[in-house]
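Chemist:
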Amino acid sequence: MPTLLIWGAQSSIARATATTFTNQGWTIVGVQRPERPYIELYQATYECDFSDWHAVNQTSLVIAQTHGCEFDAMLYATGTMYGRKLADTPPEAWHKILGDNLTAAHIITQQSLALLAPNASMMYLTAYSDKIKLPGIGAYAVAKAGLEAYVTVLAKEERQKRIMNVRMGAIDTPLWEDAPFKLPRGAHNADYVADALWNAYTQQHRGDLDL
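Counting in numbering that gives the first Met the number 0, the sequence shown runs from 0 upward without gaps.
#1: Quick one: give me the first and last residue of the beta strand (DSSP E) that L115 is part of.
#2: Taking all protein chains shown into account, decide if M73 is buried (16 or more other Cβ within 10 angstroms of its Cβ) or exposed.
#3: Since R161 sits in a beta bridge, which residues does DSSP pair it with?
#4: Since Q31 is in the beta strand (DSSP E), which residue starts that stretch and which ends it?
#5: Any idea which residues DSSP pairs A72 with across the strands?
#6: Based on the DSSP output, what are the partners of Y45 in its beta bridges?
#7: I need the boundaries of the beta strand (DSSP E) containing G206, first residue and last residue.
#8: Report, in whole angstroms, the separation of the C-beta atoms of F70 and I106, which I expect to be a contact under 8 Å.
#9: For R83, list the residues DSSP reports as bridge partners.
#10: Please look up how many angstroms separate the CB atoms of A13 and G29, rounded, as I've assumed it's under 8 Å.
#11: For I131, which three-state DSSP category applies?
#12: Here's the rule I'm using: 16 or more other beta-carbon atoms within 10 Å means buried, otherwise exposed. How should E147 be labelled?
#13: Can you tell me the Cα-Cα spacing of P36 and T77, whole angstroms?
#14: How big is the Cα-Cα spacing for M167 and A126?
#15: Mapping the DSSP letters down to three states, classify R166 as helix, strand or coil.
#16: Report the option in T21, T2, T18, R83 whose CA atom is closest to the CA atom of I62.
#17: Closest to S266 by C-alpha separation, out of I38, H53, T26, T201, would be which residue?
#18: Beta-carbon within less than 6 Å of A195's beta-carbon, same chain only, minus the 5 sequence neighbours each way: which residues are those?
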């Protein structure tokens with residue numbers, strides 16, 4: 000039975016993806032940030048601070064001991080929004096947004112590589128960085144641009160893996176509640192993203208996946 004490891008298990012897109020892959024006969028293991036509601040659709044759920052290398056390392060060791068080191072796919076589906084002008088963004092908020100959206104991706108990637116099959120798919124939810132350079136979300140825009148660059152470089156370094164840079168437009172999820180403007184018209188929902196991820200996986204897609 001194929002297996003999927005999801006980081007950010009509590010997010011709407013993660014849950015929709017878990018449901019889609021489960022319906023196709025997959026086993027799903029989820030990892031979420033502390034103090035989030037427990038989600039029953041995962042075979043197993045773990046908690047840790049994604050910005051803490053030691054916490055992610057210990058959680059990865061437990062996952063390896065319990066579920067093995069041959070996951071067929073990984074999904075990075077975590078991140079936070081911050082709606083403030085750059086002039087009003089204190090250093091602690093700046094570091095948190097970069098930590099939640101970018102540093103966490105690096106820590107999770109380092110630990111996940113040891114948990115994946117040699118030809119596994121690694122899917123990262125990013126954004127169209129050129130389209131989110133908007134007033135009021137500067138820290139978020141910088142973090143997402145960095146994440147897009149990170150995934151591009153990773154794909155060149157880990158060529159045996161099928162690495163996807165899933166560039167999303169506005170998606171109707173609770174993340175937008177923290178944005179300083181309304182959700183744009185025509186925004187897709189989490190199920191749309193989940194179906195696209197499934198189709199991309201079955202087609203052995205790699206590189207940019209524009210939604």
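Cβ atoms here follow ideal geometry from the backbone N, Cα and C, with glycine treated the same way.
Modeler: Reading it off the structure:
#1: Translated into positions along the sequence shown, residue 115 becomes position 116. From DSSP, the beta strand (DSSP E) with L115 extends over 115-126.
#2: Residue 73 sits at position 74 when you count from the first residue of the sequence shown. Classification for M73: buried.
#3: The residue labelled residue 161 in the question sits at position 162 within the sequence shown. Partner(s): S120.
#4: Walking along the sequence shown from the start, residue 31 turns up at place 32. 26-31 is the span of the beta strand (DSSP E), which, as asked, contains Q31.
#5: Counting from one through the sequence shown, the residue named residue 72 turns up at place 73. DSSP lists L3, S120 as partners of A72.
#6: Translated into positions along the sequence shown, residue 45 becomes position 46. Answer is V30.
#7: On the sequence shown, residue 206 is found 207 positions in, with the first residue counted as 1. Going by DSSP, G206 is part of the beta strand (DSSP E) stretching over 206-209.
#8: Position 71 of the sequence shown holds residue 70. Position 107 of the sequence shown holds residue 106. With 8 Å as the limit, F70 and I106 do not qualify as a contact, their Cβ atoms being about 17 Å apart.
#9: For the purposes of this step, residue 83 is identified with residue 84 of the sequence shown, where counting begins at 1. DSSP, once it has assigned bridges, lists I136 as partnering R83.
#10: Here residue 13 refers to the residue found at position 14 of the sequence shown. Here residue 29 refers to the residue found at position 30 of the sequence shown. Yes, they are in contact, since the Cβ atoms of A13 and G29 sit about 7 Å apart, within 8 Å.
#11: Within the sequence shown, residue 131 is the residue found at index 132, counting from 1. Residue state, collapsed to three classes: coil.
#12: Looking up residue 147 in the sequence shown gives position 148. The residue is buried, with at least 16 neighbouring Cβ atoms inside 10 Å.
#13: Locating residue 36 in the sequence shown gives position 37, counting from the first residue. Locating residue 77 in the sequence shown gives position 78, counting from the first residue. Roughly 15 Å separates the two Cα atoms.
#14: For the purposes of this step, residue 167 is taken as the residue at position 168 of the sequence shown. For the purposes of this step, residue 126 is taken as the residue at position 127 of the sequence shown. About 5 Å.
#15: Here residue 166 refers to the residue found at position 167 when the sequence shown is read from its first residue. R166 falls in the strand class under three-state DSSP.
#16: By 1-based counting over the sequence shown, the position of residue 62 is 63. Looking at the Cα atoms, T2 is the closest of the given residues.
#17: The chain is shown only over 0 to 210; residue 266 falls outside these bounds and no answer can be derived.
#18: Here residue 195 refers to the residue found at position 196 of the sequence shown. Closer than 6 Å at the Cβ level, and outside the excluded window around A195, lie L210.
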